[in-house]
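Undergrad: Got a structure for you, written out below as structure tokens; questions coming shortly.
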Amino acid sequence: MGRVFLVRHAQASFLEPDYDKLSATGETQARVLGEYWARHRIAFDRVCTGPRVRHRDTENAVREAYAAHGLNFPESAALPEFDEFQGDIVLEKSLPHLCETNEHIRELEAAVRTANSPPQRRRNFQKLFETVVTMWVKGELAVDGVESWQAFLARVHRGLSQFLSSAGKSETCAIFTSGGPVAASVQLALHLSHEQTLKVAWMPRNCSYSEFLFSGDRFTLSTFNSFQHLDDPTLLTYR
65 MGRVFLVRHA QASFLEPDYD KLSATGETQA RVLGEYWARH RIAFDRVCTG PRVRHRDTEN
125 AVREAYAAHG LNFPESAALP EFDEFQGDIV LEKSLPHLCE TNEHIRELEA AVRTANSPPQ
185 RRRNFQKLFE TVVTMWVKGE LAVDGVESWQ AFLARVHRGL SQFLSSAGKS ETCAIFTSGG
245 PVAASVQLAL HLSHEQTLKV AWMPRNCSYS EFLFSGDRFT LSTFNSFQHL DDPTLLTYR
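Going by our numbering, the residue at position 97 of the sequence shown is 161; the numbering climbs one at a time, nothing skipped.
As structure tokens, this is what we get:
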């Protein structure tokens, strides 16, 4: 069977004007992943990334680590199917109305604004984000002009089919993407419900990887959210 590793991008620049770039911690996480794979002589036949800078820069740091070890790492192709779901837009469009009509959301939003440290603000934001996006996935919240959760899952499944259909026998591949597409891949392997899949999307750590086995129509989860390469506790992040 072939193997495909789905990597959640390294830490991006949360709370910064441009989120879609790696933080200093993220750059370290990606380099550590590359060094770990290179030391274990994991050879890849094909590589692709999602369309975001954070996806490509995570892949590039891994590539540089392979080069430093004198190892080849295939040139990558970018596939838009491995972009993240539009949860940020869901939150942006729905939050003003929710703050007017939903006391719980209003309290969560206030907790983000009044947090006394960046780590606390990240934690409070995640609570707010998860609550609003869960409402959206459950159909309790309608947001115009946003790709639906169902359409997002279908998009990722289509990308996997497209990427893996041309794979050779026993090929090893890597896809650098976000937590949502990792969860959509788990759904495909384990036949999860929409709500269960969303819960999985919150779980992958930055620069963790999940391994799947594939052959023909078979697509099986082997490992999920592996981060043993991040042995420095300061590198264990979700945002």
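Backbone N, C-alpha and C fix where the C-beta goes; we use that ideal spot for every residue, glycine too.
Using only the heavy atoms of the ligand MG, determine whether one of them is closer than 6 angstroms to the beta carbon of residue 189.
TA: Among the components modelled here there is no ligand, and therefore nothing to report on the ligand MG.
Undergrad: Entirely within the region 67-123 and at least 3 residues each: give me those beta strand (DSSP E) ranges in chain order.
TA: As far as the region 67-123 is concerned, its whole beta strand (DSSP E) runs of at least 3 residues are 110-113.
Undergrad: Skipping 5 residues on each side, what residues in its chain have a beta carbon closer than 6 angstroms to that of residue 153?
TA: As a first step, residue 153 is located in the sequence shown; it is residue number 89 there, counting from the start. So the qualifying residues of the chain are 210.
Undergrad: DSSP puts residue 142 in a beta bridge; with which residues?
TA: For this step, residue 142 is matched to residue 78 along the sequence shown. Residue 142 is bridged to 113.
Undergrad: So residue 237 is in the beta strand (DSSP E); what residue range does that whole segment cover?
TA: Stepping through the sequence shown from its first residue, residue 237 is reached at position 173. First-last of the beta strand (DSSP E) with residue 237: 236-241.
Undergrad: Starting from the Cα of residue 289, find the closest Cα among 185, 184, 301 and give me that residue.
TA: In the sequence shown, counting from the first residue as 1, residue 289 sits at position 225. Here the closest residue by C-alpha is 301.
Undergrad: Under a Cβ-count criterion, where at least 16 other Cβ atoms within 10 Å of its own Cβ denotes burial, should residue 214 be classed as buried or exposed?
TA: The residue labelled residue 214 in the question sits at position 150 within the sequence shown. Burial call: exposed.
Undergrad: Cα-Cα, which of 103, 251, 123, 120 is closest to residue 134?
TA: Translated into the one-based positions of the sequence shown, residue 134 becomes position 70. Here the closest residue by C-alpha is 103.
Undergrad: Does DSSP put residue 262 in a helix, a strand or coil?
TA: Translated into positions along the sequence shown, residue 262 becomes position 198. Note: residue 262 maps to helix in three-state DSSP.
Undergrad: Of the choices 235, 107, 176, whose alpha-carbon is the least far from that of residue 79?
TA: As a working mapping, residue 79 is identified with position 15 in the sequence shown. Nearest of 235, 107, 176 to residue 79, Cα basis: 176.
Undergrad: With which residues is residue 277 paired in a DSSP beta bridge?
TA: Looking up residue 277 in the sequence shown gives position 213. For residue 277, which the question treats as bridged, DSSP gives the partners 67, 284.
Undergrad: Assuming residue 238 contacts residue 108 (C-beta within less than 8 angstroms), just tell me the rounded distance between them.
TA: Position 174 of the sequence shown, counted from the start, is the residue given in the question as residue 238. Position 44 of the sequence shown, counted from the start, is the residue given in the question as residue 108. That pair is a contact at about 5 angstroms.
Undergrad: With distances taken between CB atoms, is the gap from residue 111 to residue 138 smaller than 7 angstroms?
TA: Here residue 111 refers to the residue found at position 47 when the sequence shown is read from its first residue. Here residue 138 refers to the residue found at position 74 when the sequence shown is read from its first residue. Taking 7 angstroms as the Cβ cut-off, residue 111 and residue 138 qualify as a contacting pair.
Undergrad: Select from 195, 247, 276, 149 the residue whose C-alpha is nearest the C-alpha of residue 167.
TA: Against the sequence shown, residue 167 aligns to sequence position 103. Measuring from the Cα of residue 167, the nearest candidate turns out to be 195.
Undergrad: Pick helix, strand or coil for residue 180, following the three-state DSSP scheme.
TA: The residue given as residue 180 occupies position 116 in the sequence shown. The answer is coil: DSSP assigns residue 180 none of H, G, I, E or B.
Undergrad: Can residue 129 and residue 98 be called in contact, C-beta distance under 7 angstroms?
TA: On the sequence shown, position 65 is the one that residue 129 refers to. On the sequence shown, position 34 is the one that residue 98 refers to. In this structure, residue 98 lies closer than 7 angstroms to residue 129 by Cβ.
Undergrad: Would you kindly report the start and end of the unbroken alpha helix (DSSP H) that includes residue 221?
TA: Mapped onto the sequence shown, residue 221 falls at position 157. Residue 221 -> alpha helix (DSSP H) spans 213-229.
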